[in-house]
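Trainee: Take this structure, written in structure tokens, and hold onto it; I'll ask about it next.
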Amino acid sequence: MSFSILLVILILAVSAVLTFLLVGKGDEGYQEAARRNTMNLTMIYAVVIILSLVAVAAYVWWFV
1137 MSFSILLVIL ILAVSAVLTF LLVGKGDEGY QEAARRNTMN LTMIYAVVII LSLVAVAAYV
1197 WWFV
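Taking this note's numbering, the leading residue of the sequence shown gets 1137, the next gets one more, and so forth.
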């Protein structure tokens, strides 16, 4: 099970890093929209991480 947790954390970290790298590319008019999109994606990642931790904790609590 620790492998699964490590895999989830690794995927989330790689996704976050790649998102931030891709946001830096684009024309000047796109920068303002990219900031808003980056904030939205950051919030989505934060919610997903929290829900993933809650799901893992619930699994451990009830099934292990």
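Idealized CB from N, CA, C, for every residue including glycine.
With contact counted as at least three CB pairs below 8 Å, one residue from each stretch, are the stretch 1139-1155 and the stretch 1181-1189 in contact?
Mentor: As far as the Cβ criterion goes, the stretch 1139-1155 touches the stretch 1181-1189, which means the pair count is three or higher.
Trainee: Restricting to Cα atoms, I'd like to know which of THR1174, ILE1185, LEU1143 and LEU1146 is closest to LEU1157.
Mentor: The residue with the shortest Cα to Cα distance from LEU1157 is THR1174.
Trainee: Pick from VAL1144, MET1137, PHE1139 and SER1138: whose alpha carbon is nearest that of LEU1187?
Mentor: Among VAL1144, MET1137, PHE1139 and SER1138, the Cα nearest to that of LEU1187 is on VAL1144.
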